[in-house]
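Working notes for the structure below.
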Amino acid sequence: MLPSNARNREAWLSGIVAFYCVANLIYYAPTIFEGEVIIEKIEWLPFLGLNFIFQLDGFSWVFSLLVSIMGFLVVIYARYYMDPADPVPRFFSFFLIFMASMIGVVISGHLIQLVIFWEMTSLSSFMLIGYWHHRSDAQRGARIALTVTALGGFSLLAAMLIIGNVVGSYEYQAVLDSTELIANHPFYPVILILLVIGALTKSAQFPFHFWLPNAMAAPTPVSAYLHSATLVKAGVILLARFWPVMAGTDLWFWTVGLSGLISLTLAAYIATFQRDMKSVLAYSTISHLGLITLLLGLNSKLALVAAIFHMINHATFKASLFMATGIVDHETGTRDMSILSGLRRYMPLTTTLAVVAAAAMAGVPLLNGFISKEMFFSETLTSNDAKSYILPILALVASIFSVAYSYRFIVKVFFGPEPKALPRMPHDPHKFMLLPSAFLVFMCIVIGIFPGYIVEPILKVAMRTLLPYDNFDFSLHVFHGFNIPLVMSILALLFGFIVYLIVRPYNRVSLNNPIGLRKIEGRDIFDWILDKIDNIAYTIMGYISSNRLQSQIFAIIFVSVVVAALPLLQFENWYRLPALNFDLPFALMWIAGCACAVGAAYQAKYNRFRAIVLAGVAGVITCATFVWLSAPDLALTQLVIEVINVVLLLLGLRWLPRISRKEKIEAYTAKHLRYIRDGALATTVGLGLAFLTYQITTRETVPSVGKFFLDNALSLGGGTNVVNVILVDFRAFDTYGEITVLGIVALTVYALLRRFRPPKETLQESKVTHKQLSPDIVPISEDRYLPNGTMLAPTVLARLIMPLISVIAYFFFFRGHNLPGGGFIAGVIFAIGVIIQYMISGIRWVEELSRIRPHNLLSAGLLCAAIAGIYPMFHGLPFLSAMAYHFYLPLIGEIHISSVLLFDLGVFMLVIGATTYMLVALAHQSLRSSKS
Numbered sequence: 001m002l003p004s005n006a007r008n009r010e011a012w013l014s015g016i017v018a019f020y021c022v023a024n025l026i027y028y029a030p031t032i033f034e035g036e037v038i039i040e041k042i043e044w045l046p047f048l049g050l051n052f053i054f055q056l057d058g059f060s061w062v063f064s065l066l067v068s069i070m071g072f073l074v075v076i077y078a079r080y081y082m083d084p085a086d087p088v089p090r091f092f093s094f095f096l097i098f099m100a101s102m103i104g105v106v107i108s109g110h111l112i113q114l115v116i117f118w119e120m121t122s123l124s125s126f127m128l129i130g131y132w133h134h135r136s137d138a139q140r141g142a143r144i145a146l147t148v149t150a151l152g153g154f155s156l157l158a159a160m161l162i163i164g165n166v167v168g169s170y171e172y173q174a175v176l177d178s179t180e181l182i183a184n185h186p187f188y189p190v191i192l193i194l195l196v197i198g199a200l201t202k203s204a205q206f207p208f209h210f211w212l213p214n215a216m217a218a219p220t221p222v223s224a225y226l227h228s229a230t231l232v233k234a235g236v237i238l239l240a241r242f243w244p245v246m247a248g249t250d251l252w253f254w255t256v257g258l259s260g261l262i263s264l265t266l267a268a269y270i271a272t273f274q275r276d277m278k279s280v281l282a283y284s285t286i287s288h289l290g291l292i293t294l295l296l297g298l299n300s301k302l303a304l305v306a307a308i309f310h311m312i313n314h315a316t317f318k319a320s321l322f323m324a325t326g327i328v329d330h331e332t333g334t335r336d337m338s339i340l341s342g343l344r345r346y347m348p349l350t351t352t353l354a355v356v357a358a359a360a361m362a363g364v365p366l367l368n369g370f371i372s373k374e375m376f377f378s379e380t381l382t383s384n385d386a387k388s389y390i391l392p393i394l395a396l397v398a399s400i401f402s403v404a405y406s407y408r409f410i411v412k413v414f415f416g417p418e419p420k421a422l423p424r425m426p427h428d429p430h431k432f433m434l435l436p437s438a439f440l441v442f443m444c445i446v447i448g449i450f451p452g453y454i455v456e457p458i459l460k461v462a463m464r465t466l467l468p469y470d471n472f473d474f475s476l477h478v479f480h481g482f483n484i485p486l487v488m489s490i491l492a493l494l495f496g497f498i499v500y501l502i503v504r505p506y507n508r509v510s511l512n513n514p515i516g517l518r519k520i521e522g523r524d525i526f527d528w529i530l531d532k533i534d535n536i537a538y539t540i541m542g543y544i545s546s547n548r549l550q551s552q553i554f555a556i557i558f559v560s561v562v563v564a565a566l567p568l569l570q571f572e573n574w575y576r577l578p579a580l581n582f583d584l585p586f587a588l589m590w591i592a593g594c595a596c597a598v599g600a601a602y603q604a605k606y607n608r609f610r611a612i613v614l615a616g617v618a619g620v621i622t623c624a625t626f627v628w629l630s631a632p633d634l635a636l637t638q639l640v641i642e643v644i645n646v647v648l649l650l651l652g653l654r655w656l657p658r659i660s661r662k663e664k665i666e667a668y669t670a671k672h673l674r675y676i677r678d679g680a681l682a683t684t685v686g687l688g689l690a691f692l693t694y695q696i697t698t699r700e701t702v703p704s705v706g707k708f709f710l711d712n713a714l715s716l717g718g719g720t721n722v723v724n725v726i727l728v729d730f731r732a733f734d735t736y737g738e739i740t741v742l743g744i745v746a747l748t749v750y751a752l753l754r755r756f757r758p759p760k761e762t763l764q765e766s767k768v769t770h771k772q773l774s775p776d777i778v779p780i781s782e783d784r785y786l787p788n789g790t791m792l793a794p795t796v797l798a799r800l801i802m803p804l805i806s807v808i809a810y811f812f813f814f815r816g817h818n819l820p821g822g823g824f825i826a827g828v829i830f831a832i833g834v835i836i837q838y839m840i841s842g843i844r845w846v847e848e849l850s851r852i853r854p855h856n857l858l859s860a861g862l863l864c865a866a867i868a869g870i871y872p873m874f875h876g877l878p879f880l881s882a883m884a885y886h887f888y889l890p891l892i893g894e895i896h897i898s899s900v901l902l903f904d905l906g907v908f909m910l911v912i913g914a915t916t917y918m919l920v921a922l923a924h925q926s927l928r929s930s931k932s
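Quick note on full-length UniProt numbering: the sequence shown kicks off at 1 and runs consecutively.
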């Protein structure tokens, strides 16, 4: 963890990471340009067809390079933009996660893996958009963005699952080879709709476009990266990636093309009337992505080339414009275009860069935007039906407004009269803050003048990947002669200036919505839908829920019993009567255990202490049952867990209000029907689970799972303790999930108890101030006190017993793979030692001597378990595979070490951390009450 003021260090670290990605991709460039595909396959769950596949082909190489270069430039820019007072390490951490997620989307060769990285981009963008979480607009924008893009992610997941089911594989290459199978399948319309929804939500296309303008509350470096190369680009990249598989039908055109056409024209019109500089650029992004989406929907190979070309062009000039906007905001303190004016006098370098980038966005000749936009015009003219008239006209209209808002953006901010009443005096920033924007503007010019040398080879590499079986060729030139697309470009520039003159009077009015659309706001529609969903949910909950926890639990268990019993009605002879070997001592022990369990449930209403004692006795009898049935591991685990449970429950019991005599009488005189009902349900569940367990474990037609574990524990797991081998090897993934849940529970308990305030009557009963104790305390050492009358010898002995308990814990830990023990049991034993120290010496003494905090143990335990799972993957083995090593030590002999030892160590540390974390939370209630 870097300190909060380490702005230079984290910027350098992030820049090195981004630069390494760029250098690594450039290193692979010769291989990619030769037409080879680099595939890295890491087995995870091969028997389910789930593996990590990273595929670097021509298409993924182009966009990985774009994402990495933009990330490197934005890191340089952010170093000078971010305020040192902000939590800058958090910004760069989220930024690197964002960049890694986007690269993962681009190079994923597995459909499910692609969805995982897809959702990671949504989560990381949520954290970046809400970076300034103290601002309501940031909170709102992040919530809307996450809701829309995450819902699109669910749609994409459904599409990927259906594609995998149709093709029989989730690998992208297999999907690419099954184009005809997918196109002719009855599920093709469903797949297409789900896939398009996922892409359109991510790329903010109509009707999901409203989330992007609300995301402008993010820091400007985030906006520059998000708009140029990452989040919103992911949708169109996905459409281009699956273009060979899904395109070529009328349904593709009307879903993809129509959304792109509406987004292109509507967003261009709205952008012309925005006052905030970032809002202008946000709507212009929606419009340009609409242009790309429309190109992808035209079912033309050359349109696909133009779409990829414009993705690259849009990244260069849009990132540069966002950087210029951030510089203006950083130096003047505002982005309001109704206030800004004449900044060219104070910021000449920024003005020059912004003018060139805006000209590229408008499609001025000799800049990169002009070439891709002219290709767009050309593709709209290729249709032979009614679309041949509608598409060119609407494309020209949208381009006219694109010129208008670009011209207005430059004139309003950088030209005109002297600025008045600016929050800060403007000036050009540090030269390194201008360097990323200057590089991008330089690329706009170079690509615009030499497209055939700079971009054409890159586009051909990408197209060779997307269309590997087609001999498709093209060429890029600055001038293709005097033709209709050139005329359309000239008309767009001319009429764009005229439109600017027409809308200029409205700039003096306090408007932020376009004429004719002032009452339409996508965000309001979104909020209305969410409100309706909330109202429906509250209405349903009003009918099916109750304020009583007992009623809710009864409903859940009753429904579960009914659902579990329904499948049994479909089978005949599904039951077998148990063949019992009656054992009187065992039966008496179980009768006693059942009586204690029932007594604990009954006493919970009258005497909580008795309930805890009876529950503990039932637990001990369960432990004896495991011993009786020759299950020492389970018996040992049950025993130590019972100790922990009783202690923690007793510690928490003191903070519950005492049961009054009136409550006891009310509970005793309550309707017995409810007790009969609850007792009947509990008996049904208990007997049903026991009977179901018997039916499963005594099946003869199905091979026993237990026999497999018994036969293979040593040969495959390297251990003779079958229970431990199951936990840390055969079912280690389940164990990893369980310890993760345990850590979350510990954190939740700690967080809840931090805000918990005991009832007043409890505080009055337990309140013992230091002043009250002062006459009766005996100092043991500085800042450590024990009440008078405490026997010092047993206290010292109890403190000295901690090393012995530690040795016992380590003993059970290291023997666990072959004999009863393991990380879980060892962790609980060690935690019992900590609890003893707390009970003897108090939480202050324990915390003063603790060198490792519980939350550090939690994180270290999860990290160890994760490393134990990932390490075998570097050796070509699936996740969480066991790797054994044998070596000889003098005087000791042969040593056997397995990678599961590290996993067990993670379990050990996490159990200690979770238990002591809850203990600390409970113990601090005593400290809080003594101060109150």
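By construction, the Cβ of each residue, glycine as well, lies at the ideal position given by its N, Cα and C atoms. Predicted model, so just to flag it, every value in this text is computed and none were measured.
Practice task
Sort Val22, Ala217, Asp329 and Lys41 by Cα distance to Ser125 and report the nearest one.
Solution key: In this structure, Ala217 is the residue among Val22, Ala217, Asp329 and Lys41 with its C-alpha nearest to the C-alpha of Ser125.
Problem - Where Glu40 sits in the DSSP three-state scheme - result: DSSP places Glu40 in strand when its eight states are reduced to three.
Handout entry: Cut-off 6 Å between Cβ atoms - residues of its own chain near Arg784, not counting five sequence neighbours on either side
Key = Reliability fails at Arg784, whose pLDDT of 47 lies under 50, so the model's placement of it is uncertain and no value is given.
Exercise for the section: Using a threshold of 8 Å, state whether the C-beta atoms of Val280 and Ala271 are closer than that. Expected result: A Cβ-Cβ contact shorter than 8 Å links Val280 with Ala271.
Exercise for the section: Given a cut-off of 8 Å, decide if Gly876 and Glu171 are closer than it, judged by their beta-carbon atoms. Expected result: No, Cβ-Cβ distance for Glu171 and Gly876 is not below 8 Å.
Exercise for the section: Quick one: using the 10 Å Cβ neighbour count with 16 as the cut-off for buried, is Lys431 buried or exposed? Expected result: Looking at its Cβ environment, which holds fewer than 16 other Cβ atoms inside 10 Å, Lys431 is exposed.
Exercise for the section: Would you tell me roughly how many angstroms separate the C-alpha atoms of Ser774 and His855, rounded to the nearest one? Expected result: Annotation note: pLDDT 39 at Ser774 (below 50); position unreliable, coordinate value reported separately. Going by the C-alpha atoms only, they are around 34 Å apart.
Exercise for the section: Determine the burial state of Tyr225: buried for a count of at least 16 other Cβ atoms within 10 Å of its Cβ, exposed for fewer. Expected result: With 16 or more Cβ atoms within 10 Å of its Cβ, Tyr225 is classed as buried.
Practice task
Kindly give me the distance between the Cβ atoms of Gly822 and Asn724, rounded to whole angstroms, as I take these residues to be in contact under 8 Å.
Solution key: The beta-carbon distance between Gly822 and Asn724, rounded to whole angstroms, is 4 Å. This is short enough to meet the 8 Å contact definition.
Handout entry: Local conformation of Gly869 per DSSP, three classes
Key = Looking at Gly869 - three-state DSSP - the assignment turns out to be helix.
Handout entry: Residues of its chain near Lys301, where Cβ-Cβ distance is below 6 Å and the 5 sequence neighbours each way are ignored
Key = Taking Lys301 as the centre and dropping the five residues before and after it, the same chain places the C-beta of Phe472 closer than 6 Å to its C-beta, in chain order.
Handout entry: Pairwise C-alpha distance: Ala215 and Asp137
Key = One C-alpha to the other measures close to 9 Å.
Handout entry: Through-space distance from Leu123 to Tyr131, alpha-carbon basis
Key = The alpha-carbon atoms of Tyr131 and Leu123 are separated by roughly 12 Å.
Practice task
Starting from Gln55, follow the beta strand (DSSP E) in both directions and report where the run begins and ends.
Solution key: In the DSSP assignment, Gln55 falls within the unbroken beta strand (DSSP E) covering Leu50 to Leu56.
Exercise for the section: State yes or no: is the C-beta of Phe442 within less than 8 Å of the C-beta of Leu73? Expected result: Result no, Cβ atoms of Phe442 and Leu73 do not sit closer than 8 Å.
Handout entry: Buried/exposed call for Asn368, threshold 16 Cβ in 10 Å
Key = Taking a 10 Å sphere around the C-beta of Asn368, we find 16 or more other C-beta atoms and assign the residue as buried.
Handout entry: Other residues of its chain near Ser899: CB distance less than 7 Å, five sequence neighbours each side excluded
Key = If we look at Ser899 and ignore the five residues flanking it on each side, its Cβ neighbours are Ala868, Tyr871, Pro872, Ala882 and Met883.
Handout entry: Beta carbon of Ala831 nearer than 8 Å to that of Thr916
Key = Annotated as proximal: Ala831 and Thr916, with beta-carbon spacing under 8 Å.
Handout entry: For Thr220 and Ala199, the rounded distance between their alpha carbons
Key = Cα to Cα, Ala199 sits roughly 24 Å from Thr220.
Practice task
Measure from the alpha carbon of Val503 to the alpha carbon of each residue in Ile805, Ala404 and Ala635, then state which is nearest.
Solution key: Closest option to Val503, Cα to Cα, is Ala404.
Practice task
May I ask you to report which of helix, strand or coil DSSP gives Tyr170?
Solution key: It is coil, neither helix nor strand.
Problem - Cβ-Cβ distance between Ile829 and Ile805 below 8 Å - result: Going by C-beta atoms, Ile829 is nearer than 8 Å to Ile805.
Exercise for the section: Report the residue from Phe54, Ile897, Ala618 and Arg523 whose alpha carbon sits nearest the alpha carbon of Ile591. Expected result: Answer by Cα proximity: Ala618.
Practice task
For the alpha helix (DSSP H) containing Ile116, list its first residue and its last residue.
Solution key: Segment Leu111 to Ile129, the alpha helix (DSSP H) holding Ile116.
Practice task
Determine the contact status of Ala624 and Met589, defining contact as a CB-CB distance below 8 Å.
Solution key: Between Ala624 and Met589, the gap from beta carbon to beta carbon is short of 8 Å.
Exercise for the section: Could you check the C-alpha separation between Gly542 and Asn535 for me, to the nearest Å? Expected result: The alpha-carbon atoms of Gly542 and Asn535 are separated by roughly 10 Å.
Handout entry: CB contact flag (Arg335, Asp276, <8 Å)
Key = Arg335 is a Cβ neighbour of Asp276, given a cutoff of 8 Å.
Handout entry: DSSP state of Val509 mapped onto helix, strand, coil
Key = With a pLDDT of 44 at Val509, under the threshold of 50, the modelled position of this residue cannot be trusted, and the question is left open.
Practice task
Starting from Gly893, follow its DSSP beta bridges and name the residues at the other end.
Solution key: The secondary-structure analysis by DSSP pairs Gly893 across a beta bridge with Leu889.
Exercise for the section: Would you list, in sequence order, the uninterrupted alpha helix (DSSP H) runs of no fewer than 4 residues that lie entirely inside the segment 288–339? Expected result: Counting only runs of 4 or more residues that sit fully inside the segment 288–339, the alpha helix (DSSP H) segments are 301–332, in chain order.
Handout entry: Integer-rounded CB distance, given that Val685 should sit under 8 Å from Ile557
Key = Sure, about 6 Å apart at Cβ, within 8 Å.
Problem - Same chain, Cβ closer than 7 Å to Phe733, five either side skipped, listed in chain order - result: Counting only Cβ-Cβ distances below 7 Å, and skipping sequence neighbours, we find Leu880.
Practice task
Would you check if the segment 151–162 and the segment 30–49 touch, i.e. whether three or more CB-CB distances between them fall below 8 Å?
Solution key: As far as the Cβ criterion goes, the segment 30–49 does not touch the segment 151–162, which means the pair count is below three.
Practice task
Might you give, ordered along the chain, the residues of its own chain that have their beta carbon closer than 6 Å to the beta carbon of Leu194, omitting 5 neighbours on each side?
Solution key: Ser155, Ala158 and Ala159.
Problem - Distance between Ile262 and Met488 (C-alpha atoms, nearest Å) - result: Whole-angstrom Cα-Cα distance: 19 Å.
Problem - Euclidean distance between Cα positions of Phe474 and Pro365 - result: Roughly 21 Å between the two C-alpha positions.
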